[in-house]
Structures are given as C-alpha cells and as structure tokens.
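Numbering (full-length UniProt numbering), first residue to last: 1 to 466.
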Ligand SMILES: NC(=O)c1ccc[n+]([C@@H]2O[C@H](COP(=O)([O-])OP(=O)(O)OC[C@H]3O[C@@H](n4cnc5c(N)ncnc54)[C@H](O)[C@@H]3O)[C@@H](O)[C@H]2O)c1
Ligand SMILES: O=C(O)CC[C@@H](O)C(=O)O
C-alpha cells in the first residue's frame, strides 16, 4: 500500500477555551485556510463554533450525491455529516486534505472507518446526546401501538369516528424485549419498567441490567418471550438483516416490532407478511433501507419497492428517521389521560438535542485540528497531552503512522537533538498515533522536523501545530 502523506501545520490553540494567539511567520497555513464542509443541516451551534475558530465553513442542508461529494471533499480539511452521507472508501480516497470527519449523530455506519483510519483521518461522533430522545420515542410508540393510536388518529382526520377497544391493551404487565442494551437500550429499560413493563434484553456482551431487567442468552429466546421487541443495535455485518422471516416467526403471535436503529436491520417484506396475516399486531419503523437525501415527497415505491404494501398495513407507525427529534408528554388531568405526541422538526427539546450534538462534535473537530487530540475518536488511537503553556517556542508534533516495529525509535532519533517535553503514543490495529511537545525549536527546526518525520517509511500523516 502506498503511504499517502497528508500534511498540515496549523496554529496550536494554547488554552482549553480555544482563544486565539498570533500566528508565527513561518507557518504555511493559518486557521483561515482550514476549510470545513458541513452537510445535512448541521445545527447552527456547530457552525458557529467552527466559524469562531476562523475556519472557512460551508454548510449545505442536504446530503450530496457521490459525484458532487467527491468534487467538494477534495478541497476540505474537515467534513461534518449526519446519517445520509456515505463516506465510502472511494470518496475518502479522493479527500486528499481531509484530517477529520465529524458525524453529528450517534451512528457511524455511513463512514468507512477503516479507510479513514488508513488515511490518518480521525472520525468523531456524539455517542449519547440523543439517546434519551430515542428511548422516549420508543415508549410513545409502545403505547401508541398497544392502543392503535396511529390508526384512530388517521381515521378521525378522515372524518371517521371509530370507537373500538378490540385488541387495544394497557402496557402495564407486558414484556419488552430490547435487542442491543447500550446507551439507548438501557435508557429504554428504565423508562419501560417505570411504566410497569417486564424487561428482557439481548446483547453480544454481558452487561449490568438496569433495575430488574434480565439479560437472555439468545436472540430467539428474547423474541419468543416478548410482547414488544425493540431494536437498538448499530449497523454492522452481523446486524444487517438480523430480523427476517425466521426471526419474525419466532416472535409471539400478537406481538409488536419496533425499529429505530438502522434500516438495514429488519427485512421489510417478511414484516409486511406477518402484519397482513395477523401474526404481528403492529410495528413502528423510524429507519429504512433507503432514505431520501432531503425532505420532500420521496416516500414511495421508487425509494423502496414495498412502500405501498407497508402503508396499507394496519397499526403501523412510520416516522422519517426522527428518533432523536422526539418529544413525548403525558398529561394527567382529573381522571383523564391525554397522550400528546409532537412530531416537530424544530420545536422544544429537539433544538436541545441538536444543540448538544453541534457543540460536542464541533468541539471534537476543533480540538483535533488545533491540538491533535483524538480522545473520543471511533476509529483511531485515542491520545491527548495537557495544553502547551509556553507560548513561544514549543511545538506539537502529530505523527500518524503504520504500526510497524522500530518506527518510534527512528522518530526519537530525529528528535534526539531537541528537548521533548512530553510524548504519548498509542495504537489501534495497524494504525498508531504519536504526539510530542518539543520545546526551544526555531523556525528552521520546525521545517526540518516536519520534513524528516513525514518522510519516515511508516508515515500516514504528519502535522505540526504551534
Ligand atoms: N432513529 C434515530 O434517530 C437514532 C438515533 C440514535 C441512534 N440510532 C441508532 O441506534 C443505534 C444504537 O445506539 P446506541 O447509542 O444505543 O448504541 P450503543 O453502541 O450504545 O449500543 C449498541 C449495543 O448493541 C450491542 N450489539 C452490537 N451488535 C449486536 C448484536 N449482533 N446483537 C446484540 N447486540 C448487539 C452492543 O454490544 C451495544 O451494547 C446506533 O448505532 C444508531 O444506528 C438511531
Ligand atoms: O441525524 C441523523 O440523521 C441521524 C440520527 C440518528 O440515527 C443517529 O445515528 O444519531
């Protein structure tokens, strides 16, 4: 494999609050030359943080088709995306200047993480800013499915008064099976128990149950025991098509399936069959194998060939990937229970979730560009050093390289004439990352260190920040 060299020298932020210091004369780039591309309507909080750093930020509201994305990505140092933008190996190979990818969401399946790491590109996400919103959505859907709220709502909107109680149930005493007991699954577990449900979960790792929830050994055991099955796994090779004909057949007759994880986890045609023949009493689907790149009249058979069949099924709640944008409230007034559902892309706590994600991922991008900090990266060795206090002659060397024997010795030989104040290195698979703060270096030294380190046999990317 050829060793691609991505190199940048940028001003190092000298305090944790990212205040500006004056750039040195020799540095080839300043922060105004750092270009950031943000896609899919990233929250204004993230945009403002990045602009405040002096970077050139372009923000586009939708996902881009591959050819346009390739054109645009060639020129940028950072890209911010959500769930729709596919950063494949092909796209990443074209991104010659790219240092960092920010996923302004939880899922990172839309990025080829290995291809990014192999090019020295760190990937960050927001691992739990919207977990609670998804868990609340699922509780709302469990009640809605159990009471057929979606159908009653559509009927009444069409002028049809249909007061029925047949196959409408309380959720108290029912069993919820959670597949994937991470941030979202465990939050859901707590909420479901508070509503009087019994909770089972299945995960590939042994986990501490919340409350009185119980971990079961196999997916089939969970499917056979649950009145409601809710999926909260990431998209991986193992989870793709995880719920198909056989799994749905294992579910209890009269049970419900909920998927707000990723659209590839559930095979929709067997789900439609089970809804049509009454094996399942309902389903709630927030994510789809193919989703439109922007809002509009795109939800039809052209998008997914079975769309009209799914739309014709009874008691199916369909939402446009808004799991994290959901506010649910129950108001108890006198003896009445009013259930209010808000599906609103801009209101209430939705702004809070977006704001938090914008702040978290925006800050991670800034810290990586300015200081090299990779803590929280999902594909990269995670390292950091405390901030440099000496404002004059200390530089920070950031060396991402293939994890081969003898490389650190070679780099330390290059640095042996200098005073290395602090040094830290870590590896993850075949990628290693070293950070070294070197004091008392003049402008000529900076150039020399950069040239010798970046021409090392294992170099993937070398940066110097100061
Ligand atoms: N609909 C939305 O708007 C929305 C919002 C946020 C997240 N998501 C999706 O939900 C997923 C889960 O989010 P999270 O924050 O809880 O993730 P997480 O990483 O905290 O938890 C995922 C859990 O799934 C488990 N798991 C992985 N493979 C498994 C398998 N084959 N079988 C059983 N368990 C398995 C993991 O061990 C982990 O405990 C995300 O990856 C994302 O794709 C959707
Ligand atoms: O914002 C999005 O598009 C994705 C939301 C959600 O699926 C996530 O992974 O956080």
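Backbone N, C-alpha and C define an ideal beta-carbon position, used for all residues, glycine too.
Assuming residue i and residue j are in contact, meaning their beta carbons sit under 8 Å apart, how far apart are those beta carbons, in whole angstroms?
{"i": "residue 189", "j": "residue 228", "result": "Contact doesn't hold; Cβ gap of about 12 Å is too wide."}
{"i": "residue 368", "j": "residue 99", "result": "7 Å"}
{"i": "residue 83", "j": "residue 110", "result": "6 Å"}
{"i": "residue 70", "j": "residue 101", "result": "15 Å between Cβ atoms; not a contact."}
{"i": "residue 272", "j": "residue 223", "result": "That belief does not hold up - the Cβ atoms of residue 272 and residue 223 are roughly 18 Å apart, past 8 Å."}
{"i": "residue 145", "j": "residue 317", "result": "7 Å"}
{"i": "residue 402", "j": "residue 458", "result": "4 Å"}
{"i": "residue 395", "j": "residue 446", "result": "6 Å"}
{"i": "residue 180", "j": "residue 200", "result": "That belief does not hold up - the Cβ atoms of residue 180 and residue 200 are roughly 13 Å apart, past 8 Å."}
Would you call residue i buried or exposed, if buried means 16 or more other Cβ atoms sit within 10 Å of its Cβ?
{"i": "residue 153", "result": "exposed"}
{"i": "residue 321", "result": "buried"}
{"i": "residue 249", "result": "exposed"}
{"i": "residue 74", "result": "exposed"}
{"i": "residue 420", "result": "exposed"}
{"i": "residue 89", "result": "exposed"}
{"i": "residue 386", "result": "exposed"}
{"i": "residue 50", "result": "buried"}
{"i": "residue 462", "result": "buried"}
{"i": "residue 335", "result": "Low per-residue confidence applies at residue 335: pLDDT is 30, beneath 50, and the placement is therefore not dependable enough to give any value."}
{"i": "residue 298", "result": "exposed"}
{"i": "residue 166", "result": "exposed"}
{"i": "residue 324", "result": "buried"}
{"i": "residue 276", "result": "exposed"}
{"i": "residue 19", "result": "Low local confidence applies: a pLDDT of 43 at residue 19 is under 50, so the model's placement there is unreliable, with the coordinate-based value given in what follows. That one is exposed."}
{"i": "residue 489", "result": "Nothing about residue 489 can be read from this structure; the chain reaches only from 1 to 466."}
Hey, could you find the ends of the beta strand (DSSP E) residue i is sitting in?
{"i": "residue 77", "result": "Element bounds for residue 77: n/a, residue is neither H nor E."}
{"i": "residue 396", "result": "395-402"}
{"i": "residue 428", "result": "419-428"}
{"i": "residue 255", "result": "255-259"}
{"i": "residue 213", "result": "Where residue 213 is concerned, there is no enclosing beta strand (DSSP E), given that its DSSP letter is neither H nor E."}
{"i": "residue 185", "result": "Taken as a continuous stretch (DSSP letters only), residue 185 belongs to no beta strand (DSSP E), being part of the alpha helix (DSSP H) at 183-194."}
{"i": "residue 175", "result": "175-179"}
Quick check: what's the CA-CA separation for residue i versus residue j?
{"i": "residue 382", "j": "residue 55", "result": "24 Å"}
{"i": "residue 168", "j": "residue 174", "result": "13 Å"}
{"i": "residue 454", "j": "residue 430", "result": "18 Å"}
{"i": "residue 238", "j": "residue 359", "result": "32 Å"}
{"i": "residue 245", "j": "residue 93", "result": "38 Å"}
{"i": "residue 231", "j": "residue 184", "result": "10 Å"}
{"i": "residue 150", "j": "residue 134", "result": "18 Å"}
{"i": "residue 162", "j": "residue 315", "result": "14 Å"}
{"i": "residue 442", "j": "residue 393", "result": "7 Å"}
{"i": "residue 416", "j": "residue 365", "result": "31 Å"}
{"i": "residue 341", "j": "residue 437", "result": "Summary for residue 341: the model assigns pLDDT 33, below 50, so the residue's position carries little reliability; its value from the coordinates is reported in the next sentence. Residue 341 and residue 437: Cα-Cα distance of roughly 53 Å."}
{"i": "residue 371", "j": "residue 450", "result": "16 Å"}
{"i": "residue 241", "j": "residue 60", "result": "32 Å"}
{"i": "residue 105", "j": "residue 39", "result": "12 Å"}
{"i": "residue 125", "j": "residue 376", "result": "8 Å"}
{"i": "residue 263", "j": "residue 172", "result": "29 Å"}
{"i": "residue 211", "j": "residue 448", "result": "59 Å"}
{"i": "residue 140", "j": "residue 66", "result": "36 Å"}
{"i": "residue 260", "j": "residue 424", "result": "40 Å"}
{"i": "residue 209", "j": "residue 215", "result": "7 Å"}
{"i": "residue 456", "j": "residue 35", "result": "27 Å"}
{"i": "residue 351", "j": "residue 136", "result": "16 Å"}
{"i": "residue 33", "j": "residue 57", "result": "10 Å"}
Let me check you understand the geometry: is the CB of residue i closer than 6 Å to at least one non-hydrogen atom of ligand 2?
{"i": "residue 133", "result": "no"}
{"i": "residue 82", "result": "yes"}
{"i": "residue 161", "result": "no"}
Quick check: is any heavy atom of ligand 1 less than 6 Å from the C-beta of residue i?
{"i": "residue 112", "result": "no"}
{"i": "residue 203", "result": "yes"}
{"i": "residue 106", "result": "yes"}
{"i": "residue 289", "result": "no"}
{"i": "residue 407", "result": "no"}
{"i": "residue 211", "result": "no"}
{"i": "residue 238", "result": "yes"}
{"i": "residue 182", "result": "yes"}
{"i": "residue 144", "result": "no"}
{"i": "residue 323", "result": "yes"}
{"i": "residue 396", "result": "no"}
{"i": "residue 172", "result": "no"}
{"i": "residue 378", "result": "no"}
{"i": "residue 100", "result": "no"}
Let's see if you can read the secondary structure: which residues bound the alpha helix (DSSP H) around residue i?
{"i": "residue 151", "result": "149-157"}
{"i": "residue 295", "result": "No alpha helix (DSSP H) holds residue 295; DSSP gives it neither H nor E."}
{"i": "residue 48", "result": "44-52"}
{"i": "residue 133", "result": "131-146"}
{"i": "residue 220", "result": "219-225"}
{"i": "residue 449", "result": "443-454"}
So is the beta-carbon of residue i under 6 Å away from any non-hydrogen atom of ligand 3?
{"i": "residue 306", "result": "Questions concerning ligand 3 fall outside what the structure shown contains, since the ligands it does hold are ligand 1 and ligand 2."}
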